[in-house]
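Going by our numbering, the first residue of the sequence shown is number 9, and it counts up by one from there.
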Amino acid sequence: MQMSRWPLMATLAALAVGVGCRQAEPPEFTPGPDVVELTEGLDPEEDKDDLKTLQDLQNQIATVLAERVGTPEKIKMLGDPHVSEERLARGAELYAQYCVQCHGVNGDGNGPLAVYLNPRPRNYTAGVFKFVATENGSKARRADIVKTLYRGVTGTSMPSFDVFTDSDREAVADYVLALTYRGLLQTQLAQIAYDEEELPDSAGIDQIVDEVLEPWRAAQHEVVMPLSPMPVMTAETIAHGQELFLQYSCNKCHGNDGRGGSVGSVDVGKDVWGYNAAAADLTSGMFRGGGRPIDLYRRVLVGINGAPMPSRRADLANDPDAIWHIVHFIKDTGEKRRRETVEATLTALNRMVPAEIAAEVALDAEAEADEAADAKKDADAQKADADAAASEPKADDADKTPAESDDQTPAAENDGAASDDAPAADEPADNEAEPEDAAAAAA
Ligand code: HEC
Ligand code: HEC
């Protein structure tokens, strides 16, 4: 026993050292698919010259990216030398600790855990973010990413990082943006290499960087504001919302009852990252992009970037309250299902518990009564034995068998225990109202 433990310890120690070494190796960016593709399918013999040119270009792309964006641990914000080094270093540290398993070193959504996850972690390098406050087709602002980090993506594996400090959330959001811009520049360079078989000079690359970043700068001014303040939610607005839900064919993807992809019956196609999309289950009460009315308003008005959830701005812009009514319907649907679940549970409890508990308590009482009877019998028998022993000398009394004397079982008197202790089914939980949202939305 003692002996055989040593080889195991040695193996573990060796493993620990091995793992330690591997971890100590700094993470490195690897070429994206569009760069790899440049030389794919080329024959080392037949396409020798092409291969050499393109491999050269691949190396040049790597060099440009390293110059402009740096390495995973020492990343630079493309086109913005003002973002502080310390902040990006902090972002790198947090990303390596909390994000890389899912989102990958390149930010391409291919971390080691990614294959096990559905939906897949976001591939930032495509430059598309779903849960933004900006217009359809607009880019994300840092504030949108910070908000996603705060909230998490409810109903997916993307956790909430609400325990981070504000400045940590901002640092890691900057890191995400740095990876995003890097990915976009890489794609542009690969396209140019493919089309022109040479890369532009430094000034030319400056211009490409500007083109890549322009829509991200513009996004700062493309926030979707509500077209009207949110009306008070009433049975009428909810009912009207439901009509509109059908009128605008939301049910085509989400189903008449809003349960959408949860029932798996609707094929809504793929998202821009190439994975099967699923229409949200609007009855689940869990909203990936946030459950505040203003969040839902934005989803309904401008759709969801990258997902087959269309913008309705063209239809709804002239009827701003209509959007709120749809939002009311969605809020109510989610609440209704939750309420129904709570009610069903309570009803079930109400119906089951008293009856079952009563039966159980009665059984217990019976058993207790039996036990008491047995105990009394034992005691009586013992007493009889003792009496018999005491009267032993009187041999003539010996034929009297006192043990058999009092066979009458004492009645089970303690039935009362079965009475009234069934736990009361508690008052229904009522945390339905979210009044603070109305104010936020109207603001
Ligand atoms: C356990 C896996 C996991 C971890 C860890 C994780 N994410 Fe995610 N992340 C996801 C998934 C899955 C999605 C996609 C959700 C979706 O498509 O609805 C996502 C989406 C995102 C998005 C995109 C949201 C949008 O609007 O499209 C951002 C930004 C993001 N994550 C940042 C981070 C950062 C930063 C960290 C670390 C601090 C992190 N994530 C850690 C799984 C993870
Ligand atoms: C072509 C199919 C399609 C149609 C039509 C459609 N949706 Fe969607 N919807 C989706 C998909 C897919 C998602 C999930 C996006 C994601 O997170 O990947 C979605 C998500 C949503 C969400 C976001 C929920 C969240 O998790 O934050 C809301 C709200 C929503 N849809 C409401 C509507 C309303 C209202 C309409 C009609 C005006 C509508 N949808 C029409 C496909 C559709």
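Even for Gly, the Cβ is constructed at its ideal location relative to N, Cα and C.
Fair warning: this is a prediction, and the values are worked out from it, not measured in the lab.
**Asked** Just how far apart, CA to CA, sit PHE169 and ILE312?
**Response** One-based indexing of the sequence shown puts residue 169 at position 161. One-based indexing of the sequence shown puts residue 312 at position 304. Cα to Cα, PHE169 sits roughly 22 Å from ILE312.
**Message:** Let me check one thing: in DSSP terms, what residues is ILE312 bridge-paired to?
**Reply:** Within the sequence shown, residue 312 is the residue found at index 304, counting from 1. The partner list for ILE312 (beta bridge, DSSP) reads MET317.
**Item:** Expected contact under 8 Å - CB spacing of THR291 and GLY342 to nearest Å
**Value:** Taking the sequence shown and counting its residues from 1, the one referred to as residue 291 is at position 283. Taking the sequence shown and counting its residues from 1, the one referred to as residue 342 is at position 334. With 8 Å as the limit, THR291 and GLY342 qualify as a contact, their Cβ atoms being about 6 Å apart.
**Message:** DSSP has LYS278 in a bridge; who is on the other side?
**Reply:** Within the sequence shown, residue 278 is the residue found at index 270, counting from 1. Beta-bridge pairing links LYS278 to ASN284.
**DSSP state of GLY78 mapped onto helix, strand, coil** = Numbered from its first residue, the sequence shown carries residue 78 at position 70. In the structure shown, GLY78 sits in a strand (DSSP, three-state: E or B).
**Asked** VAL108 by DSSP, collapsed to three states: which one?
**Response** Along the sequence shown, read from residue 1 onward, the residue named residue 108 stands at position 100. It is helical.
**Message:** Assuming ALA287 and GLY268 are in contact, meaning their beta carbons sit under 8 Å apart, how far apart are those beta carbons, in whole angstroms?
**Reply:** Locating residue 287 in the sequence shown gives position 279, counting from the first residue. Locating residue 268 in the sequence shown gives position 260, counting from the first residue. Right, the Cβ-Cβ distance comes to about 4 Å (below 8 Å), so this counts as a contact.
**Message:** When you compare the CB positions of ALA100 and GLU81, do they come within less than 8 Å of one another, or not?
**Reply:** The residue you call residue 100 lines up with position 92 of the sequence shown. The residue you call residue 81 lines up with position 73 of the sequence shown. Yes, these two residues count as a Cβ contact at 8 Å.
**Prompt:** What three-state label does DSSP hand VAL184 in the structure shown?
**Reply:** In the sequence shown, counting from the first residue as 1, residue 184 sits at position 176. Of the three classes helix, strand and coil, the one that applies to VAL184 here is helix, per DSSP.
**Request:** Figure out for me which residue from VAL72, THR79 and PHE139 has the closest Cα to the Cα of PRO34.
**Result:** Residue numbering aside, residue 34 sits at position 26 when the sequence shown is read from its first letter. Closest by alpha carbon: THR79.
**Prompt:** When every heavy atom of ligand 1 is checked, does at least one fall within less than 7 Å of the C-beta of THR142?
**Reply:** One-based indexing of the sequence shown puts residue 142 at position 134. No, the Cβ of THR142 stays beyond 7 Å of every heavy atom of ligand 1.
**Asked** Is MET317 near ligand 2, going by C-beta to nearest heavy atom under 7 Å?
**Response** Taking the sequence shown and counting its residues from 1, one reaches residue 317 at position 309. At least one heavy atom of ligand 2 is nearer than 7 Å to the Cβ of MET317, so yes.
**Prompt:** Got a sec? Which residues, its chain only, sit under 7 Å from ALA315 by beta carbon, not counting five neighbours each side?
**Reply:** Here residue 315 is taken as the residue at index 307 of the sequence shown, counted from 1. Around ALA315: LYS138, ASP279 and ALA285.
**Request:** Measure from the alpha carbon of GLN199 to the alpha carbon of each residue in LYS339, LEU46, ASN114 and PRO52, then state which is nearest.
**Result:** By 1-based counting over the sequence shown, the position of residue 199 is 191. Cα-wise, what sits closest to GLN199 is LEU46.
**Message:** Excluding the 5 residues flanking LEU62 on each side, which residues of the same chain have their C-beta closer than 6 Å to its C-beta?
**Reply:** What you label residue 62 is simply residue 54 of the sequence shown in a count that begins at 1. The residues are LEU46 and THR47.
**Item:** Check: ASP279 C-beta below 7 Å from any heavy atom of ligand 3
**Value:** Ligands in the displayed structure: ligand 1 and ligand 2; ligand 3 is not one of them.
**Prompt:** Between which two residues does the alpha helix (DSSP H) containing LEU157 stretch?
**Reply:** Within the sequence shown, numbered from 1, the residue matching residue 157 stands at position 149. First-last of the alpha helix (DSSP H) with LEU157: 150-159.
**Rounded separation between GLY299 and ALA373 - CA only** = As a working note, residue 299 is residue 291 in the sequence shown. As a working note, residue 373 is residue 365 in the sequence shown. Approximately 51 Å, taken between the alpha carbons.
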